[in-house]
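What follows is one structure encoded as structure tokens, with my remarks underneath.
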Amino acid sequence: MSFLDKLFGESKQEEKIEKTSEGKILAKPFNISLSFTPLRLAANKSNSVNVNVKVTNITPDPQLVSVDVLLPKAAFMGFEPSCINKAYEKRIGQVKPGETITVSVPIWGGSQTRPAEYEIGVTVFAHYIGYDKVLSYMKTKTRLRVV
Numbered sequence: 038m039s040f041l042d043k044l045f046g047e048s049k050q051e052e053k054i055e056k057t058s059e060g061k062i063l064a065k066p067f068n069i070s071l072s073f074t075p076l077r078l079a080a081n082k083s084n085s086v087n088v089n090v091k092v093t094n095i096t097p098d099p100q101l102v103s104v105d106v107l108l109p110k111a112a113f114m115g116f117e118p119s120c121i122n123k124a125y126e127k128r129i130g131q132v133k134p135g136e137t138i139t140v141s142v143p144i145w146g147g148s149q150t151r152p153a154e155y156e157i158g159v160t161v162f163a164h165y166i167g168y169d170k171v172l173s174y175m176k177t178k179t180r181l182r183v184v
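Quick note, our numbering runs 37 ahead of the 1-based positions in the sequence shown.
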């Protein structure tokens, strides 16, 4: 390889990059989108809203997937009407390449829920063999409006 080939690149070098990248694990194995049904949670009332987590597998391999949702500890909200639990885990199972799965998680508010915007954290995990080992994960955040 000459000096000019190093400067301007060479097609053989590009082919080598393509061959080595085929078996690698993608840094972002999922597309994640979040939505709420209904859009807002009513303050000072015992009611609920569902957060819909839509996960699309963008890898060429099937993935064993689970979803974690975290609520702020100071807020009077939870995953059941008593508003005690602030963490929720849902094991989805195998997601085929290109497949999209939607998980609906209820979030409850109570008589002490104050009007504000609350940050909700969502983490989607790709597991290896069983749910004990994590292959990769993606985190995202959204805000729930309480009026």
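Idealized CB from N, CA, C, for every residue including glycine.
Per-residue DSSP class, three states only, for residue i
{"i": "A153", "result": "strand"}
{"i": "Y125", "result": "strand"}
{"i": "S83", "result": "coil"}
{"i": "D105", "result": "strand"}
{"i": "A111", "result": "coil"}
{"i": "T93", "result": "strand"}
{"i": "S58", "result": "Low per-residue confidence applies at S58: pLDDT is 43, beneath 50, and the placement is therefore not dependable, though the value from the model is reported in the following sentence. Helix at S58."}
{"i": "S188", "result": "Residue 188 falls outside the range modelled here, since the chain spans only 38 to 184, and no answer is possible."}
{"i": "A163", "result": "strand"}
{"i": "F67", "result": "strand"}
C-beta atoms of residue i and residue j nearer than 8 Å
{"i": "P134", "j": "P97", "result": "yes"}
{"i": "Q149", "j": "F116", "result": "no"}
{"i": "L71", "j": "V102", "result": "no"}
{"i": "V104", "j": "I121", "result": "no"}
{"i": "N94", "j": "E136", "result": "yes"}
{"i": "F5", "j": "V92", "result": "The question about residue 5 has no answer here: the residues shown for the chain are numbered 38 through 184."}
Residue i versus residue j - alpha carbon distance
{"i": "E126", "j": "V184", "result": "27 Å"}
{"i": "Y174", "j": "V161", "result": "6 Å"}
{"i": "L107", "j": "P143", "result": "12 Å"}
{"i": "T179", "j": "I166", "result": "30 Å"}
{"i": "I138", "j": "E154", "result": "27 Å"}
{"i": "K110", "j": "D169", "result": "26 Å"}
{"i": "A163", "j": "T177", "result": "15 Å"}
{"i": "V159", "j": "S141", "result": "12 Å"}
{"i": "N84", "j": "G146", "result": "6 Å"}
Cβ-based burial, residue i [other Cβ within 10 Å; buried from 16]
{"i": "V86", "result": "buried"}
{"i": "N68", "result": "exposed"}
{"i": "V171", "result": "exposed"}
{"i": "A221", "result": "Nothing can be reported for residue 221: it is not among the residues displayed for the chain, which extend from 38 to 184."}
{"i": "S119", "result": "exposed"}
{"i": "P152", "result": "exposed"}
N- and C-terminal bounds of the beta strand (DSSP E) containing residue i
{"i": "L76", "result": "Note, L76: premise wrong, no beta strand (DSSP E); not H, not E."}
{"i": "V184", "result": "Per DSSP, V184 belongs to no beta strand (DSSP E) and is neither H nor E."}
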